[in-house]
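Report on the structure given below.
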Amino acid sequence: MLTSVFPPHVGGVESHVYELTKALIAAGHEVEVVAGSLEEADKPFGFPVHRPHFFRAQALYDWQLARWLKKLHQAKRFDVAHVHGLKPAVAVRNLGIPTIFTNHTSGFLKRLNKSAFSRARSLKRIVHFNEIIAPSEELCDATRALGYLGPVTYIPNAVDIEKFKPGASPLRAKWGIADDKPVIVMARRLHEKNGVRYFAEAVAKLKNEDVHIVVAGDGDERGNVERIIREAGMSERVTMLGSVNNNDMPDIYRACDISVLPSLMEATSITGLESMASGLVLVGTHVGGIPALIEEGKTGFLVPPRDPEAMAEKLIPLIRDKARCKQMGEAAREKAKTEFSWPVIAGQTADVYRKYMAGK
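Residue numbers for the sequence shown follow full-length UniProt numbering, so the first one is 1 and each next one is one higher.
This is the structure:
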């Protein structure tokens, strides 16, 4: 595994590489991680983590990492290299083994709208890979549109179904919310691409409903979100938590009934997966990887992006029917277990590796 980002740094790619590595090892594979340099002492992970330190300039970094990887490969004799992120992508080109790349982010979608030079530069960093994995069909299409001609495979992100699961939470009492009151959560960075302003506008339409709202996240759209909620007279019924550590999220989800994903751009939503595993109903926009999470009317509902009216129309029946909400949340939990758990996703990833290891 090659990545420029890894724990203790926090983020979606960091978590993905760490959890995928653990799941592959649990399935009997031998995995070593090559990660970005770290100033402080590293903690033990239970598997080898290499942190070579190189110059930051990309051209020098590519050359130094390629030389370093060649020596490591000569000593270890790896079967396959799996790269996460563009920064270390070029360095595996001459290892002489199959190479896989996971395109994690919506940055590829943005590159399609840039200059031909920018697109060509991005393509140059990935063109040599045997296969590319992407966590949404939209990112698969973007990878092909960039000009990559090899196989592109959809494998979604995954969730730790033991960490995120239904159960009691102390937070309702802390927030002063009655046990029988429906609670809606939106857990995401408060940035424009996440559609948070449209969620706030949908909340404004719930003024006559007996419901509480929890917003977990911070960002440059926070002021707009708070303004819309304040102007609707809903401030007393909305708990703004600000930035939240992921280790605190299980209790937050357990205190809630419905999770909203108002994104304008999304791969496989980590928040969506965590919500499903926690037994929450999803109401999400029809963009990126969100439709893969939602079975309409069974585990949640899809709405058009930028449409607070449609969002409110789907939320109101759920607010008023707690029994249905609970039933749909249980179905969402089951879908998370059978389709998006780490053993399942690690197995699909290992199947990609095996295609290039025939005879080994």
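All C-beta atoms, glycine included, are put in the ideal place defined by N, C-alpha and C.
Bridge partner(s) assigned by DSSP for residue i
| i | result |
| --- | --- |
| S263 | Partner(s): none; S263 has no beta bridge. |
| Y154 | A134 |
| F301 | V283 |
| L2 | V34 and V83 |
| T102 | H84 and I133 |
Simplified DSSP assignment, three categories, for residue i
| i | result |
| --- | --- |
| S235 | helix |
| A216 | strand |
| E330 | helix |
| A200 | helix |
| I345 | helix |
| M357 | coil |
| M249 | helix |
| I228 | helix |
| A187 | strand |
| G242 | strand |
| H50 | strand |
Inter-residue CB distance, residue i and residue j (contact presumed, cutoff 8 Å)
| i | j | result |
| --- | --- | --- |
| K92 | A81 | Contrary to the premise, residue 92 reads as Val rather than Lys in this sequence. So it is a contact: roughly 5 Å between Cβ atoms. |
| S37 | H53 | 4 Å |
| P182 | I294 | Rounded, the Cβ-Cβ distance is 19 Å, inconsistent with contact. |
| S263 | I290 | 7 Å |
| L190 | G219 | 3 Å |
| S341 | A158 | 6 Å |
| L65 | R125 | About 13 Å separates the two Cβ atoms, so there is no contact after all. |
Buried or exposed by the 16-neighbour rule on C-beta atoms within 10 Å, applied to residue i
| i | result |
| --- | --- |
| E221 | buried |
| K335 | buried |
| T349 | buried |
| N103 | buried |
| G195 | buried |
| N247 | exposed |
| D321 | exposed |
| E274 | buried |
| H9 | exposed |
| A187 | buried |
| F117 | exposed |
| D42 | exposed |
| L171 | buried |
| P151 | exposed |
| A26 | exposed |
| P250 | buried |
| L261 | buried |
| M328 | buried |
| R51 | exposed |
| D257 | buried |
| P88 | buried |
| G338 | Residue identity check: residue 338 is Thr in the sequence provided, not Gly. T338 comes out exposed. |
Straight-line Cα distance separating residue j from residue i
| i | j | result |
| --- | --- | --- |
| K207 | A173 | 22 Å |
| K314 | G297 | 10 Å |
| G300 | G167 | 20 Å |
| residue 373 | L149 | Shown here, the chain extends from 1 to 360; a query on residue 373 therefore has no answer. |
| C325 | I213 | 16 Å |
| V287 | P305 | 7 Å |
| H24 | R77 | In the sequence as presented, His is not what sits at residue 24; that position holds Leu. Cα to Cα, L24 sits roughly 18 Å from R77. |
| G96 | A255 | 51 Å |
| Y28 | L20 | With the sequence shown as reference, residue 28 is identified as Gly, and Tyr is not the correct amino acid for it. Distance between the alpha carbons of G28 and L20: 13 Å. |
| A232 | K205 | 8 Å |
| R237 | E226 | 12 Å |
| V344 | R230 | 44 Å |
| V13 | P135 | 11 Å |
| G284 | L302 | 5 Å |
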